[in-house]
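Residue numbers (the working numbering): 116 to 468.
Working notes for the structure below.
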């Protein structure tokens, strides 16, 4: 029966995570662990009275990151450091959860933080370090446990709910992109908050383009930036189309139609350029009205916008020869008003002396 978890003062992130794993998954292997108190040693890595970690465990005291036991990866006089391990990974292996995909990122972060001192001034591990300077250990422990639980539940949702929802809801097609690339595009009707991330991850086939429609009718468009895709032309077409459906065009300037944030007349669409996302509402803007553009039309707009070799059907043969129909008297290309980058490039070349 375990009645105490023993670690050193101001635990490192891997020890916090080890304690989290023990309390969450360790009750069967270590009865009493879920309610065990945490005791902090001030003597460094050793046990003050010289007892071994095994002796302490027999007495109901489980040592984490101290004492030279099975959950202490640090080197000692008679042994080397346990390679590529930290307290969290040792505990995960002992509990049989080391291969749980929902713990993969947590364990990887713990190892990098412990072995490589990888840190960011606003990550959970560094904030815990700062909190040690201002708060009692019990408060820091509670805060860290809440953060770890939140991250764990996010990952559980990612691999279970989002994964299953993707399998059920995603309609996959191949579309043409820049330089003749064949891209995987997913169209999804779902309220799942993580499904677009799942789609773009390796588990979702590294989908290049995701169009997600929520049950409210709001639509978000995401691209996998590793493929070098942009949504500038998609933004131009969407925003002008939205205005035309309303019956009043407020902004038609090509540069403005692809600008950051919102544009007048098509306020439904927020363009986050750094991440190349087009958002018709979001988790932080749930009150944005749903787009009036039919979902099937949005899909077609994305197909057109993402493929720089797509041209208006009536004039495609001319366009591909470098001849812009809009410059030829008597011609009327319906795509001219969008100011697509591919079209402007052709006109620029035509105007050269």
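Don't be surprised by glycine CBs; every beta carbon is placed ideally from N, CA and C.
Inter-residue spacing [alpha-carbon to alpha-carbon] between residue 450 and residue 427: Position 335 of the chain shown, counted from the start, is the residue given in the question as residue 450. Position 312 of the chain shown, counted from the start, is the residue given in the question as residue 427. Approximately 6 Å, taken between the alpha carbons.
Would you say residue 328 and residue 410 are within 7 Å of each other, going by their C-beta atoms? Here residue 328 is taken as the residue at index 213 of the chain shown, counted from 1. Here residue 410 is taken as the residue at index 295 of the chain shown, counted from 1. Result yes, Cβ atoms of residue 328 and residue 410 sit closer than 7 Å.
Which residue spans inside the stretch 364 to 435 form an unbroken alpha helix (DSSP H) run of at least 4? Correct list: 369 to 372, 410 to 421 and 431 to 435.
Is it right to say residue 336 is buried, meaning 16 or more other beta carbons lie within 10 angstroms of its own, or is it exposed? Working through the chain shown from its first residue, we reach residue 336 at position 221. Burial call: buried.
Expressed to the nearest angstrom, what Euclidean distance is found between the alpha-carbon atoms of residue 462 and residue 339? For the purposes of this step, residue 462 is taken as the residue at position 347 of the chain shown. For the purposes of this step, residue 339 is taken as the residue at position 224 of the chain shown. Each residue's Cα considered, the two are about 30 Å apart.
Could you give the distance in angstroms between the alpha-carbon of residue 153 and the alpha-carbon of residue 119? The count along the chain shown starts at 1 and reaches residue 153 at position 38. The count along the chain shown starts at 1 and reaches residue 119 at position 4. When rounded, the distance between both Cα atoms is 6 Å.
Closest residue to residue 375 among 381, 366, 385 and 367 (Cα-Cα distance): By 1-based counting over the chain shown, the position of residue 375 is 260. Answer by Cα proximity: 385.
So, using beta-carbon positions, are residue 171 and residue 188 closer together than 7 Å? For the purposes of this step, residue 171 is taken as residue 56 along the chain shown, with counting starting at 1. For the purposes of this step, residue 188 is taken as residue 73 along the chain shown, with counting starting at 1. Their beta carbons are not under 7 Å apart, which means residue 171 does not touch residue 188 by this criterion.
Is the separation between the beta-carbon of residue 346 and that of residue 412 shorter than 7 Å? Locating residue 346 in the chain shown gives position 231, where the first residue counts as 1. Locating residue 412 in the chain shown gives position 297, where the first residue counts as 1. The answer is no: Cβ separation not under 7 Å.
Measure the Cβ-Cβ separation of residue 324 and residue 281 and say whether it is below 7 Å. Against the chain shown, residue 324 aligns to sequence position 209. Against the chain shown, residue 281 aligns to sequence position 166. Result no, Cβ atoms of residue 324 and residue 281 do not sit closer than 7 Å.
Classification of residue 358 by the beta-carbon crowding that lies within 10 angstroms, buried from 16 upward: As a first step, residue 358 is located in the chain shown; it is residue number 243 there, counting from the start. Residue 358 comes out buried.
Which runs of the alpha helix (DSSP H), 4 residues or longer, sit entirely within the stretch 268 to 304? Here the runs fully enclosed are 278 to 284.
For the 8 Å Cβ check, are there 3 or more pairs between the stretch 236 to 243 and the stretch 204 to 218? no
Are residue 255 and residue 178 closer than 7 Å when you measure CB to CB? Locating residue 255 in the chain shown gives position 140, where the first residue counts as 1. Locating residue 178 in the chain shown gives position 63, where the first residue counts as 1. No. Outside cutoff.
Output the boundary residues of the beta strand (DSSP E) element that contains residue 156. Here the question's residue 156 lines up with position 41 in the chain shown. 152 to 156 is the extent of the beta strand (DSSP E) around residue 156.
Terminal residues of the alpha helix (DSSP H) in which residue 134 lies: Within the chain shown, numbered from 1, the residue matching residue 134 stands at position 19. Counting along the chain, the alpha helix (DSSP H) containing residue 134 begins and ends at 128 to 140.
Tell me whether the beta-carbon of residue 132 lies closer than 7 Å to the beta-carbon of residue 203. Along the chain shown, read from residue 1 onward, the residue named residue 132 stands at position 17. Along the chain shown, read from residue 1 onward, the residue named residue 203 stands at position 88. Yes, they are a contact pair.
Exposure label - residue 143; buried when at least 16 CB within 10 Å: If you number the chain shown from 1, residue 143 lands on position 28. Classification of residue 143: exposed, given that the 10 Å Cβ count is below 16.
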